[in-house]
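Chemist:
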Amino acid sequence: MTTTPEAIHGYIKAGLECTHLEVEGDGQHFQAVIVSPAFAGKRPIQRHQLVYAALGDRMREEIHALSMKTLTPEEYKG
Numbered sequence: 001m002t003t004t005p006e007a008i009h010g011y012i013k014a015g016l017e018c019t020h021l022e023v024e025g026d027g028q029h030f031q032a033v034i035v036s037p038a039f040a041g042k043r044p045i046q047r048h049q050l051v052y053a054a055l056g057d058r059m060r061e062e063i064h065a066l067s068m069k070t071l072t073p074e075e076y077k078g
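Here the sequence shown is numbered in full-length UniProt numbering, starting from 1 and rising by one per residue.
#1: Could you give the residue range of the beta strand (DSSP E) that holds GLY25?
#2: Could you give the first and the last residue of the continuous alpha helix (DSSP H) run that contains HIS48?
#3: Taking only three categories from DSSP, how would you classify HIS29?
#4: In or out: LYS67 buried (at least 16 other Cβ within 10 Å) or exposed?
#5: I need the straight-line Cα distance from LYS13 to GLU74, nearest angstrom please.
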């Protein structure tokens, strides 16, 4: 079964508070813009780890590649 951008959107939204979330992709490679207050004060790797935690095992099993732009609400507005 092919994973859809909509499915990944739902997985992230369910596991991470987001004020803005966009996911695009072709079924194997995905790009996401994720805006969350949970990213405040965190380095990029820590932000990605929060997203990976929200995705859980799906990151290994369903999602081949995910490119992320992770921003706080303040960074997104700026």
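Quick reminder that beta carbons are idealized off the backbone N, C-alpha and C, glycines included.
Modeler: A quick look at the data gives this:
#1: Working through the sequence shown from its first residue, we reach residue 25 at position 25. Counting along the chain, the beta strand (DSSP E) containing GLY25 begins and ends at 20-25.
#2: Residue numbering aside, residue 48 sits at position 48 when the sequence shown is read from its first letter. Segment 44-55, the alpha helix (DSSP H) holding HIS48.
#3: Against the sequence shown, residue 29 aligns to sequence position 29. In this structure, HIS29 counts as strand in the three-state DSSP scheme.
#4: Here residue 67 refers to the residue found at position 67 when the sequence shown is read from its first residue. A small fix is needed here, since residue 67 is Ser in this sequence, not Lys. Flag for SER67 reads exposed.
#5: Residue numbering aside, residue 13 sits at position 13 when the sequence shown is read from its first letter. Residue numbering aside, residue 74 sits at position 74 when the sequence shown is read from its first letter. LYS13 and GLU74: Cα-Cα distance of roughly 19 Å.
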